[in-house]
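In our numbering, the protein residues as written are 33 to 407.
We treat Cβ as the ideally placed atom computed from N, Cα and C, and that holds for glycine.
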Amino acid sequence: MKKQRSRIWRRLFICVCIIAAVCLCESGELSSQSQSFGSQHGLYELNDVHFHLTNYIQEGTDIHDFLKIMGTKVGRVALFGIPLQQEWSYQNSGDFAPTYYLQTDAPLYYYSFTDAYIAMAYLSLSKDEQARFDPMITGFNPADMYAADHIRRVLQTFPGVFTGIGEFSIHKEFVSAKVAGEVASLQNPALDRILDFAQTVGLVVLLHSDMDVPFAKEGSEPVYLNQMKALFKRHPNTTIIWAHTGMGRVVRPIKNHAAQLAEILADPQFSHVYFDISWDEVAKYVVASPEATRVTADLLNRHPDRFLFGTDEVAPSTQEGYLKVYYQYEPLWKLLDAKTREKVVKGNYERLFNEARQKVRAWEKAQGFGAVRSF
Ligand SMILES: [Zn+2]
């Protein structure tokens, strides 16, 4: 009896040892992962939540050159192309080949191949280099009920690559009206399908939608604000980053823009909503006067977890050009307390995207989509 008991104890002891060894191994793996994030965290100055590798005619910077541009300054980048292609219509501009949407009256159309292009660029990198990017799916038409199926297909074709969707646009001055086919809307069930699917997978959503129409009447209620709020409320479990805080180039920062953001930030119904402060047009407004900078800094200091820095640069060729917006924000950085600044330029990115990476990889695994494919 005694002998039997001691045998049971011995077995139990061996079992515990095995479990402990497995746990140690796994935590070692995890800690080496978090160590690599951790060391990145210390080494680099900022992360970029909003970056276009290619332009409106799907041309851009070679990703290996872009790594050199990031240098030791930028740790991680949310990487995407542009979902819209500017058509070169010979009827319209003849031999003049437009490279930007304002250079011709010809329409823009959704160019789904951008996702494959971005995935292949990412897959051409080494594992360590890949760790610095979070590729995003953009090549879908948000007015199409099949858009969510496109996103699923991209994840299936390129497992282990994507972390989010966007930047895609619903209301964007001068662009929305030029897109061929049905115009996108915040009230379209196709968009609900997209956001539902993003939540199921754990994809971060980077959404551009102007809060107001261009040249709105001073003091008038922003035209799309209520629709946007309703959309957020319909998707309380989707992580949504509202690009440019809803500002546009000539969607003037309505006097009470900061107050409107403050209202959203204070409402627990919108705790899944974040804002990126990317784009030189946004920075321009923020640093336009000491008063504007102070109002913005107050908002960020009060809600340090909800804002992310991004450049919104398109296919840059130098680090100076790439980080122009970052330097433009210098007056703002000076007014942020140290903890807030660290979160806005780095920490919030890492928190949101690390979580999304884990969720998306787990979802892909559960679908049987397999490991990262190397080509
Ligand atoms: Zn952008």
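For ligand 1, residues whose Cβ lies under 6 Å from any non-hydrogen atom: HIS82, HIS84, GLU199 and ASP344
Neighbour-count burial assignment, LYS100, 16 or more Cβ in a 10 Å radius: Residue numbering aside, residue 100 sits at position 68 when the sequence shown is read from its first letter. Answer is exposed; the Cβ neighbour count stays below 16.
Host alpha helix (DSSP H) of HIS182 (start-end): Counting from one through the sequence shown, the residue named residue 182 turns up at place 150. 179-189 is the span of the alpha helix (DSSP H), which, as asked, contains HIS182.
Helix, strand or coil at GLU91 according to DSSP, with G and I counted as helix: Residue mapping note: residue 91 aligns to position 59 of the sequence shown, counting from 1. Three-state result, GLU91: coil.
According to DSSP, residues forming a beta bridge with VAL305: Within the sequence shown, numbered from 1, the residue matching residue 305 stands at position 273. DSSP output for VAL305 lists ILE272 as bridge partner(s).
Range of the contiguous alpha helix (DSSP H) that encloses MET260: As a first step, residue 260 must be located in the sequence shown, where it is residue number 228. Its alpha helix (DSSP H) spans residues 257-266.
Host beta strand (DSSP E) of LEU111 (start-end): Taking the first residue of the sequence shown as position 1, residue 111 is located at position 79. Per DSSP, LEU111 belongs to the beta strand (DSSP E) from 106-112.
Spatially closest choice to VAL291 from THR270, VAL255 and THR328, by CA coordinates: Here residue 291 refers to the residue found at position 259 when the sequence shown is read from its first residue. In the sequence under discussion, the amino acid at residue 291 is Ala, which differs from the Val named in the question. Nearest option by C-alpha distance: THR328.
Same chain, Cβ closer than 8 Å to ALA347, neighbours up to 5 away in sequence not counted: In the sequence shown, the residue the question calls residue 347 occupies position 315. So the qualifying residues of the chain are HIS84, LEU85, THR86, ASN87, GLU91, GLY92 and THR93.
Straight-line gap, SER59 to LYS316 (C-alpha atoms, nearest Å): Looking up residue 59 in the sequence shown gives position 27. Looking up residue 316 in the sequence shown gives position 284. Interpretation of SER59 is limited by its pLDDT of 41, a score under 50 that renders its predicted location unreliable; the figure taken from the coordinates is listed afterwards. Roughly 45 Å separates the two Cα atoms.
Start and end residues, beta strand (DSSP E) containing LEU116: In the sequence shown, counting from the first residue as 1, residue 116 sits at position 84. Run containing LEU116: 116-118, per the beta strand (DSSP E) assignment.
Per DSSP, the bridge partner or partners of PRO167: Locating residue 167 in the sequence shown gives position 135, where the first residue counts as 1. Partner(s): LEU111.
Inter-residue Cα distance where the pair is TYR361 and VAL319: Position 329 of the sequence shown holds residue 361. Position 287 of the sequence shown holds residue 319. Spanning the two alpha carbons is a distance of roughly 7 Å.
CB of HIS82 within 9 Å of CB of THR350, strictly: Here residue 82 refers to the residue found at position 50 of the sequence shown. Here residue 350 refers to the residue found at position 318 of the sequence shown. No. Outside cutoff.
Completely contained beta strand (DSSP E) runs for the segment 188-262, where each covers 3 or more residues: 196-201 and 236-240
Cross-strand partners of THR86 (DSSP beta bridge): Within the sequence shown, numbered from 1, the residue matching residue 86 stands at position 54. Its beta-bridge partners are GLY92.
Close-in-space but distant-in-sequence residues of the same chain around TYR256 (CB under 7 Å, 5 per side omitted): Translated into positions along the sequence shown, residue 256 becomes position 224. Closer than 7 Å at the Cβ level, and outside the excluded window around TYR256, lie HIS203, LEU218, SER241, ASP242, MET243 and ASP244.
Three-state secondary structure (DSSP) of ASP80: Reading the sequence shown from its first residue, position 48 is the one you call residue 80. Strand at ASP80.
Delimiting residues of the beta strand (DSSP E) encompassing LEU355: If you number the sequence shown from 1, residue 355 lands on position 323. First-last for LEU355: undefined, no H or E at that position.
Assigned exposure category for VAL211 - 16 Cβ within 10 Å defines buried: Reading the sequence shown from its first residue, position 179 is the one you call residue 211. Buried, because 16 or more other Cβ atoms sit within 10 Å of the Cβ of VAL211.
Expected contact under 8 Å - CB spacing of VAL392 and GLY234 to nearest Å: As a first step, residue 392 is located in the sequence shown; it is residue number 360 there, counting from the start. As a first step, residue 234 is located in the sequence shown; it is residue number 202 there, counting from the start. 5 Å between Cβ atoms; contact.
Beta-carbon proximity of ASN136 to PHE385, cut-off 9 Å: Numbered from its first residue, the sequence shown carries residue 136 at position 104. Numbered from its first residue, the sequence shown carries residue 385 at position 353. Correcting the residue identity first, residue 136 is Thr in this sequence and not Asn. No, these two residues do not count as a Cβ contact at 9 Å.
CB contact flag (TYR76, GLY107, <9 Å): Here residue 76 is taken as the residue at index 44 of the sequence shown, counted from 1. Here residue 107 is taken as the residue at index 75 of the sequence shown, counted from 1. Contact flag set, yes.
C-alpha distance - PHE172 paired with ALA163, whole-angstrom precision: Numbered from its first residue, the sequence shown carries residue 172 at position 140. Numbered from its first residue, the sequence shown carries residue 163 at position 131. Cα-Cα distance, rounded: 25 Å.
Segment contact flag, the segment 176-188 with the segment 124-139, C-beta cutoff 8 Å, min 3 pairs: no
Which of helix, strand or coil DSSP assigns to TYR143: Here residue 143 refers to the residue found at position 111 of the sequence shown. The answer is coil: DSSP assigns TYR143 none of H, G, I, E or B.
For PHE385, three-class secondary structure by DSSP: Counting from one through the sequence shown, the residue named residue 385 turns up at place 353. Three-state DSSP puts PHE385 in a helix.
From MET279, VAL236, PRO300 and LEU293, residue whose alpha carbon lies closest to that of LYS265: For the purposes of this step, residue 265 is taken as residue 233 along the sequence shown, with counting starting at 1. Cα-wise, what sits closest to LYS265 is PRO300.
The alpha helix (DSSP H) enclosing SER125, as first and last residue numbers: Sequence index remark: in the sequence shown, residue 125 carries index 93 (1-based). It spans 122-125 - the alpha helix (DSSP H) in which SER125 sits, taken as one unbroken run.
Which listed residue (SER201, TYR149 and VAL109) has its alpha carbon closest to that of PHE190: Mapped onto the sequence shown, residue 190 falls at position 158. It is TYR149 whose Cα lies nearest to the Cα of PHE190.
Buried/exposed call for VAL305, threshold 16 Cβ in 10 Å: What you label residue 305 is simply residue 273 of the sequence shown in a count that begins at 1. That one is buried.
LYS159: first and last residue of the uninterrupted alpha helix (DSSP H) it sits in: On the sequence shown, residue 159 is found 127 positions in, with the first residue counted as 1. Residues 159-162.
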